[in-house]
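For the numbering used here, count along the sequence shown from 1 and bump the result up by 11. We put the CB at the ideal spot given by N, CA and C, even for glycine.
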Amino acid sequence: MSDGPPASPPVPSYDELAALVVSLRAQLVETAAALEQARVRIAELEAQVAKNSRNSAKPPSSDGLAKPPPKSLRKKTGRRPGGQGGHPGSTLRMLAEPDVRLRHEPGPCAGCGAGLAGRPVTRTERRQVFDWSDPASVDSEPEVRCP
Numbered sequence: 012m013s014d015g016p017p018a019s020p021p022v023p024s025y026d027e028l029a030a031l032v033v034s035l036r037a038q039l040v041e042t043a044a045a046l047e048q049a050r051v052r053i054a055e056l057e058a059q060v061a062k063n064s065r066n067s068a069k070p071p072s073s074d075g076l077a078k079p080p081p082k083s084l085r086k087k088t089g090r091r092p093g094g095q096g097g098h099p100g101s102t103l104r105m106l107a108e109p110d111v112r113l114r115h116e117p118g119p120c121a122g123c124g125a126g127l128a129g130r131p132v133t134r135t136e137r138r139q140v141f142d143w144s145d146p147a148s149v150d151s152e153p154e155v156r157c158p
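Listed below in structure tokens is the structure:
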């Protein structure tokens, strides 16, 4: 190891610098040509990826899993779907007195897990179940009590 400062590189001559410039220009031309080839190849690959059975002669089986949903051929009418306003509709009416009335007491609170049995009732939900498979159909009404 030397005790002094590092030696500076030798100063190149004019001819060496001119040769270096010519060499770097040749490398720049080669790099630009390679870049242009890469851009053309990328454009070809992007066009190939963008093709599917709707915009080319490819079969639908080549579309893969990301198929677009088919567009509806129906024309928009401007009306909302479902029954029109003012239409009376039809539904199965609840019976005033069902054959069986079942009471369901609430289980523990879903939030804190505390027991809700014996607490005052704040609301009652009624639903009726009709068993049409039995000729003597039983109309049951499960009732849920929620404090």
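Opposing strand residues paired with residue i [DSSP bridges]
i, result
"R130", "None; R130 has no bridge partner."
Beta-carbon separation (whole angstroms), residue i vs residue j, contact threshold 8 Å
i, j, result
"D74", "S83", "About 19 Å; that fails the 8 Å criterion."
"E136", "A128", "No, E136 and A128 are not in contact; Cβ-Cβ is about 17 Å, not under 8 Å."
"Q139", "P92", "The pair is not a contact, with the Cβ atoms about 28 Å apart (cut-off 8 Å)."
"P131", "A125", "Contact doesn't hold; Cβ gap of about 14 Å is too wide."
Inset, instruction - Please go through the segment 74-125 and give each complete beta strand (DSSP E) segment of 3 or more residues, from N-terminal end onward. - result: 111-115
Inset, instruction - For the segment 40-73, list the beta strand (DSSP E) runs that are entirely contained and at least 3 residues long, ordered along the chain. - result: none
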